[in-house]
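Input: a single structure, listed below in structure tokens.
In UniProt numbering, the protein residues as written are 1 to 559.
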């Protein structure tokens, strides 16, 4: 298997191109051949600066410059560190400064427009015209670290996952197998390039597959999601990727008037991953855009994580969705029971394990459990990363070597059933009340559906020594100035307690209070800390006496 870097630079095609659609300005384009030439110039410059084997922090806006710099790092055997471009001083402290310190990067690259803004980081750009880019870049060692992919930090502090050249190449080959016998012609999307799905599943996959690539700004698509579907239609994109949030957002925010002239019949792969996949989201998206040619069989749910480069399992092109319904009681008890009753819980299969081995184990003992039993998902195979940068203890705890190989403890809960992998939640976020397993995303969904003014929510558990685990929900209320917080709180509480049969404490807050990662995952751990620190500005709240006492005690100890 030829590594990705060697394969791309051996035959960059002049008839394939990368296009960035900038709102209100002409599209920017590079052929694969031009991209290779610019990347070689960057590599020559980095090599001359002695950066082989050293981390280089990449701070770029959406566009083509990031991909040039990233490839240049790979060519020069420098360790690329993709990071979000800071938009404010608070994001500098919260994210970028920490990544610079953790990665050990002493060189920061950005585009010309941001050199002055990032001057205190000694950020620089490079003069490609002054660099000799015609020489052959050095060879690639499959075990060498290609880049650091920082995790989202939804359940813990962000960690730099060391993705090797070998693991990257294997994961890109997995995407090729998912595509099947039909070559990918054009890949398009908007996910950030510092996100593993945006980097590997979108940008690098297009280069590996020798396909055209159409990129959009994440901010532009969030503001007007029709831009995403319009790009698919206009450029005849046949492969796109997005988290569940992206499909839900497009369904809600695209109006009937936007559908004129839209044709999504070209789309044969719409990969959904990066967060819990809801059948309601996929059904709504398929129904909403069926009239403009979207086919339900184009939906491809998958499961992956940065520690496995990206993909672990994914539904292959053309197979369509696998949806099974299970009793709510069996899911809460951890032993699934299929049902055809309307009161059952539908779950979406994330594909069958293939080149990446998957097993489900008892989280406490590590012993493999039977199919249909919920446990921790563990993964093995060539796509596994080398470990966490600068954190050998976390690497040993997460990447476990045994008699049958090296296994990744994902921290995700799920089960295997009829050869499909089903993901139910995060082990750290599981709420256990009187022996019942409750998943925060299910509570949040119930709350959101309870009232038209319900926005994003964050559910988590808090524990006291006497009565055990308690459910807490921090719930945003839209149109706060026009609504009745008390009536809103009552409606949400009634819906959630009726569905789950457990007491719930609730804090109602304004929109944009719930913290989330750059990929849209709710930072439940952070919201739990804010709650216990009494750091939330509540519009209304209903707390059980035990939970109120916990807040008073916890906040008091931090004064």
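Built from N, CA and C at the ideal position, the CB exists for glycine as well.
Residue pairing by DSSP places residue 436 opposite 433 in a beta bridge. Beta-bridge analysis with DSSP links residue 160 to 150. Around the CB of residue 281, 16 or more other CB atoms lie within 10 Å, so the residue is classed as buried. Here residue 354 has 174, 177, 313 as same chain residues with Cβ atoms under 8 Å from its own Cβ, once five neighbours each way along the sequence are excluded. Residue 512 carries a coil assignment under DSSP once its states are collapsed to helix, strand and coil.
At least 8 Å separates the beta-carbon of residue 430 from that of residue 412. With fewer than 16 other Cβ atoms from the protein chains shown falling within 10 Å of its own Cβ, residue 397 counts as exposed. Pairwise C-beta distances place the stretch 356 to 371 out of contact with the stretch 140 to 151, as fewer than three of them are shorter than 8 Å. The residues 372, 373, in chain order, have a CB closer than 7 Å to that of residue 335 in the same chain once the five nearest residues on each side in sequence are set aside. Pairing residue 299 with residue 286 gives a Cβ-Cβ distance under 8 Å.
About 6 Å separates the Cβ atoms of residue 118 and residue 59, confirming a contact at the 8 Å cut-off. DSSP places residue 82 in the uninterrupted beta strand (DSSP E) bounded by 79 to 83. DSSP places residue 350 in the coil class of the three-state scheme, outside both helix and strand.
The C-alpha of residue 42 is placed about 28 Å away from the C-alpha of residue 184. According to DSSP, residue 375 shares a beta bridge with 414. Runs of alpha helix (DSSP H) with 4 or more residues, each lying fully within the stretch 227 to 267, are found at 244 to 253, listed in chain order. Rounded to the nearest angstrom, the Cβ distance from residue 210 to residue 13 is 6 Å, consistent with a contact under 8 Å. Under the three-state reduction of DSSP, residue 169 is assigned to helix. Residue range 454 to 464 is occupied by the beta strand (DSSP E) that includes residue 461. It is roughly 43 Å from the alpha-carbon of residue 170 to the alpha-carbon of residue 470. In this structure residue 432 is exposed. Its beta-carbon is surrounded by fewer than 16 other beta-carbon atoms within 10 angstroms. Nearest Cα to residue 483 within the set 48, 540, 439, 463: 540.
In the structure shown, residue 117 falls within a coil segment according to DSSP collapsed to helix, strand and coil.
Residues of the same chain with a CB within less than 6 Å of the CB of residue 346, apart from the 5 flanking positions on each side, are 279, 323, 325 in chain order. At the C-beta level, residue 57 and residue 103 come within 8 Å of one another. Uninterrupted beta strand (DSSP E) stretches at least 3 residues long and entirely within the stretch 255 to 339 occur at 269 to 273, 299 to 304, 311 to 314, 323 to 326, given in chain order. Taking the CA atoms as reference points, residue 258 sits about 14 Å from residue 249.
Across the structure, residue 2 and residue 553 are spaced so that their CA atoms are roughly 59 Å apart.
The beta carbon of residue 275 is closer than 6 Å to those of 243, 244, 521 in its chain, skipping five residues each way along the sequence. Straight-line spacing of the CA atoms in residue 400 and residue 407 works out to 5 Å. One thing to note: residue 437 has its Cβ within 8 Å of the Cβ of residue 332.
Contact between the stretch 460 to 469 and the stretch 488 to 497 is absent: fewer than 3 CB-CB pairs across the two stretches fall below 8 Å. For residue 112, the CB contacts under 7 Å within the same chain, skipping 5 residues up- and downstream, are 125 in chain order. Segment contact: the stretch 254 to 269 against the stretch 231 to 243, three or more CB-CB distances shorter than 8 Å; contact assigned. Taking 8 Å as the upper bound for CB-CB distance, residue 348 and residue 392 are not in contact here, some 36 Å apart. When only Cα atoms are considered, residue 377 and residue 200 end up about 22 Å apart.
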